[in-house]
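Protein chains: 2
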Amino acid sequence: MSLPHALLTALAERPGSGSELAARFDKSIGFFWQATHQQIYRELARLEEAGFVESLPEESTRGRKRAYRILPSGRKELKRWINQHDEPAALRDELMVRLRAEAAVGPTGLDKQIERRLAVHQDKLALYRRIESRDFQGHEPKGREAELHHLVLKAGIRFESHWIEFLAEALEVLKRAVA
Amino acid sequence: MSLPHALLTALAERPGSGSELAARFDKSIGFFWQATHQQIYRELARLEEAGFVESLPEESTRGRKRAYRILPSGRKELKRWINQHDEPAALRDELMVRLRAEAAVGPTGLDKQIERRLAVHQDKLALYRRIESRDFQGHEPKGREAELHHLVLKAGIRFESHWIEFLAEALEVLKRAVA
DNA sequence: CATAACATGTAATGAGTTACATGATTAA
DNA sequence: TTAATCATGTAACTCATTACATGTTATG
């Protein structure tokens, strides 16, 4: 469970309110760890409870921005967590189950689905590439932090490319298998 | 949510008890959709409730195997589900969050973690390749069902290869960034 | 000043995980 | 025949999702 630490990371990069964090999630860390605003508000409250972050103003704010920032203990916790062991995220994809199901009770015309997924991944890849050419143009070193951000983005690019290649192969297999 | 349909698929391939399904999950569909035995038992009970599967014996079995098999309505439901739209599984990986955290508050020596993950993925890749050479040796067509099973396995192989490539790059970047 | 957009929050639900319990079968 | 293992099951809990509610700020 990484959401609290994803939030601590975002706040370590820059203070912000819940809604700002939600917006930032949508275009950086969120590529690899999504969260709805409800999760974010709840988790921020917990982090404050635990003393890892603080927020202003003190009194209850309904409708008004609440400014969060990370505290030293939060940074410490984040550093501790970074080197915790983790298992690879379990690969869980409905499409794989659908392919097995297609094998068992098909054919059902699954290639339509696959073409749709292909388009989704192509769009995502295009988005990542746009971000890359905007934020990481030159190939010369740009400092440790930027290099690591670039690395994470390149993971996304690899991942989407992987899917596109696989889905193209899947289409071929499906067409061949029908004939 | 695919667990019920993963179970229907497994039962369409071959009838079995809860524990047998759990064991099969561990080495086929389970590569892409995991479930604990508790989930499986609960979900099998729901599927029976819904009339998609039936089980013997009728009376309560605590400690004794309960044999499940799929019913026609279960097959029908499975066919219907195959062509439901699905979104790509959200990519959610703690390591990506750790890399961002490392960028924000590091360096912390994250390369140890990455080497560990690298080993995990190399092991998995080796396992998948063993399965491939055991079950899908020849390159000649082996029928629709086998081709689709092979396809799913190849997705796993691609996926693990992707991770290995990425983690190797990550190691390079981390070493370079420290220096 | 009315309305839309924004920001925070509550409540209900469900999937998935963990810990534990109990009956049946197998092996020492 | 006792212990270990297998098979099924119950209970409690957490994360994540969905729907909804309420207040504040910006805009015409």
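Which chain is which? The protein sequence lines are A and B, in order. Per my numbering, residue 1 is the first one in the first sequence, and the count goes up by one each step. Per my numbering, residue 1001 is the first one in the second sequence, and the count goes up by one each step. Where is the CB? At the ideal position from N, CA and C, for every residue including glycine. Here the structure is a predicted model, which is why all the values come from computation and not from measurement.
Within 8 angstroms, strictly: CB atoms of residue i and residue j
| i | j | result |
| --- | --- | --- |
| Ser-19 of chain A | His-5 of chain A | no |
| Ala-1170 of chain B | Ile-1082 of chain B | no |
| Leu-1118 of chain B | Leu-1174 of chain B | no |
| Phe-1159 of chain B | Leu-91 of chain A | yes |
| Arg-66 of chain A | Ser-55 of chain A | yes |
| Gln-1122 of chain B | Ile-1070 of chain B | no |
| Leu-3 of chain A | Ala-23 of chain A | no |
| Ser-161 of chain A | Leu-127 of chain A | no |
| Pro-1088 of chain B | Val-120 of chain A | yes |
Chain A within 8 angstroms of residue i, Cβ atoms only
| i | result |
| --- | --- |
| Asp-1086 of chain B | yes |
| Val-1053 of chain B | no |
| Leu-1118 of chain B | no |
| Arg-1092 of chain B | yes |
| Ser-1060 of chain B | no |
| Arg-1024 of chain B | no |
| Thr-1036 of chain B | no |
| Gln-1113 of chain B | yes |
| Arg-1098 of chain B | yes |
| Ile-1164 of chain B | no |
| Leu-1125 of chain B | no |
| Glu-1132 of chain B | no |
| Arg-1158 of chain B | yes |
For residue i, the residue or residues it bridges with in DSSP
| i | result |
| --- | --- |
| Ile-70 of chain A | A:Val-53 |
| Gly-1016 of chain B | B:Tyr-1068 |
Chain B within 8 angstroms of residue i, Cβ atoms only
| i | result |
| --- | --- |
| Lys-79 of chain A | yes |
| Arg-75 of chain A | yes |
| Gly-138 of chain A | no |
| Lys-168 of chain A | The sequence shown places Ala at residue 168 of chain A, rather than the Lys named in the question. Judged by the 8 angstroms Cβ criterion, Ala-168 of chain A is not in contact with chain B. |
| Ile-40 of chain A | no |
| Gly-16 of chain A | no |
Cβ-Cβ separation, residue j to residue i (assumed contact under 8 angstroms), whole Å
| i | j | result |
| --- | --- | --- |
| Arg-129 of chain A | Ile-157 of chain A | 7 angstroms |
| Val-53 of chain A | Tyr-68 of chain A | 5 angstroms |
| Glu-1059 of chain B | Ala-104 of chain A | At roughly 30 angstroms, the Cβ-Cβ gap does not stay under 8 angstroms, so Glu-1059 of chain B and Ala-104 of chain A are not in contact. |
Practice problem: Give a yes or no on contact between the region 128-142 of chain A and the region 71-87 of chain A, applying the rule of three or more CB pairs nearer than 8 angstroms. | Solution: Touching, no, given that fewer than three Cβ pairs across the two stretches are closer than 8 angstroms.
Exercise. Kindly confirm or deny that the region 25-36 of chain A and the region 96-104 of chain A touch, where touching means at least three C-beta pairs closer than 8 angstroms.
Key: Cβ pair count under 8 angstroms is below three, so no.
Self-check item: Stretch-stretch touch, CB-based, cutoff 8 angstroms, three pairs: the region 64-79 of chain A with the region 1-17 of chain A
Solution: Flag = yes, the region 64-79 of chain A and the region 1-17 of chain A touch.
Quiz item: Should the region 149-157 of chain A be called in touch with the region 1104-1114 of chain B, which here means at least 3 C-beta pairs below 8 angstroms?
Solution: The region 149-157 of chain A is not in contact with the region 1104-1114 of chain B.
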